[in-house]
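Engineer: Taking full-length UniProt numbering, the leading residue of the sequence shown gets 1, the next gets one more, and so forth. Questions regarding the structure given below will be posed in turn.
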Amino acid sequence: MRPLVICGAGGFGREVIEIVRAINAVAPTWDLLGVVDDGPGDVPRAHLERLGVAVLGPVASLSEVVHSASASVVIAIGDPATRARIAAAHDGCDWATLVHPDATVGHDVSLAAGVVIAAGARLSTNITVGEHVHIDQNVTVGHDSRLDAYSRLNPQACISGFVTVGEQVLVGANATVLQNLTVGAGAVVGAGAVVTREVAPGTTVKGVPAR
Numbered sequence: 001m002r003p004l005v006i007c008g009a010g011g012f013g014r015e016v017i018e019i020v021r022a023i024n025a026v027a028p029t030w031d032l033l034g035v036v037d038d039g040p041g042d043v044p045r046a047h048l049e050r051l052g053v054a055v056l057g058p059v060a061s062l063s064e065v066v067h068s069a070s071a072s073v074v075i076a077i078g079d080p081a082t083r084a085r086i087a088a089a090h091d092g093c094d095w096a097t098l099v100h101p102d103a104t105v106g107h108d109v110s111l112a113a114g115v116v117i118a119a120g121a122r123l124s125t126n127i128t129v130g131e132h133v134h135i136d137q138n139v140t141v142g143h144d145s146r147l148d149a150y151s152r153l154n155p156q157a158c159i160s161g162f163v164t165v166g167e168q169v170l171v172g173a174n175a176t177v178l179q180n181l182t183v184g185a186g187a188v189v190g191a192g193a194v195v196t197r198e199v200a201p202g203t204t205v206k207g208v209p210a211r
């Protein structure tokens, strides 16, 4: 099995541990060495102990940890800007792409390095997913869409066909982006919002319809 380190021990980091275990249950692939984190709180640390997962050091030690073990790494931190900053600081790492076995990914879907796709996600066809994109539980992504680097789709988000989600975009839980629209880089779509028109870069929209 290939050695793997997870960067981040918060909520999503511990969800990624479960994704790794689900992958290994189907086909033993990853030897999880542990996590790097700048200081898990009491609840995450206790959870890691129950899971039997070691804390290997702070985030600054990531490159040293993975290179010494010839390990792959995945950044399991939800905030897009933080994920981008860590990836830039540790350029040269071997970024793992993780897809939960309960996700459905079409044959004509392109996944870049560092992508994480959680259980229940559905990606149809002719979709391009950029580096370090997170697609959380029960997300749907329609045909001919593009998700640019470091974007994150929270649980049950719905991306319709021919949608472009820009770099470092955060789409909230249960939000919907209607077809043929672009969500500009760095934008935030609030939970439960319905996006019916273009979203300018760096803006936050919420509500139905989203404004």
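Even glycine gets a Cβ: it sits at the ideal position worked out from N, Cα and C.
Along the chain, where does the beta strand (DSSP E) that runs through threonine 128 open and close?
Structural biologist: Per DSSP, threonine 128 belongs to the beta strand (DSSP E) from 127-129.
Engineer: Going by beta-carbon coordinates alone, are alanine 103 and glycine 120 separated by less than 8 Å?
Structural biologist: In contact: alanine 103 and glycine 120 (Cβ atoms closer than 8 Å).
Engineer: For the segment 109-119 against the segment 36-46, do three or more pairs of beta-carbon atoms, one drawn from each stretch, fall closer than 8 Å, so that the two count as touching?
Structural biologist: The segment 109-119 vs the segment 36-46: no contact.
Engineer: From valine 195 to methionine 1, what does the alpha carbon distance come to, in whole angstroms?
Structural biologist: Approximately 43 Å between the Cα atoms of the pair.
Engineer: What is the C-beta distance between proline 101 and isoleucine 6, in whole angstroms, given that I count them as a contact (C-beta under 8 Å)?
Structural biologist: So it is not a contact: roughly 18 Å between Cβ atoms.
Engineer: Inspect the beta-carbon positions of valine 129 and valine 109 and report whether they are closer than 8 Å.
Structural biologist: Yes, these two residues count as a Cβ contact at 8 Å.
Engineer: Using the beta-carbon count (16 or more within 10 Å), is alanine 89 buried or exposed?
Structural biologist: With fewer than 16 other Cβ atoms within 10 Å, it is exposed.
Engineer: Let me know the secondary structure DSSP gives isoleucine 23 once reduced to three states.
Structural biologist: If DSSP states are grouped into helix, strand and coil, isoleucine 23 belongs with the helices.
Engineer: Below 7 Å CB to CB, which residues in the same chain sit around proline 44 once its five sequence neighbours on both sides are set aside?
Structural biologist: Ala9, Gly10, Arg14.
Engineer: Which residues mark the beginning and the end of the alpha helix (DSSP H) in which proline 155 is found?
Structural biologist: That residue, proline 155, is in no alpha helix (DSSP H); it is neither H nor E in DSSP.
Engineer: Write down every uninterrupted run of the alpha helix (DSSP H) in the UniProt domain "PglD N-terminal" (4-87) whose length is 4 residues or greater and which is fully enclosed by it, in chain order.
Structural biologist: The qualifying runs are 11-26, 42-51, 62-68.
Engineer: Whole angstroms are fine: how far does the CA of valine 16 sit from the CA of leucine 4?
Structural biologist: Answer to the nearest angstrom: the Cα atoms are 11 Å apart.
Engineer: Output yes or no for whether 8 Å exceeds the beta carbon distance between valine 169 and alanine 185.
Structural biologist: For valine 169 and alanine 185, yes; Cβs fall inside 8 Å.
Engineer: For the beta strand (DSSP E) holding valine 163, just list the boundary residues, first then last.
Structural biologist: Counting along the chain, valine 163 falls outside any beta strand (DSSP E), and DSSP gives it neither H nor E.
Engineer: Over the uninterrupted beta strand (DSSP E) stretch that includes serine 110, give me the two end residues.
Structural biologist: Note, serine 110: beta strand (DSSP E), 109-111.
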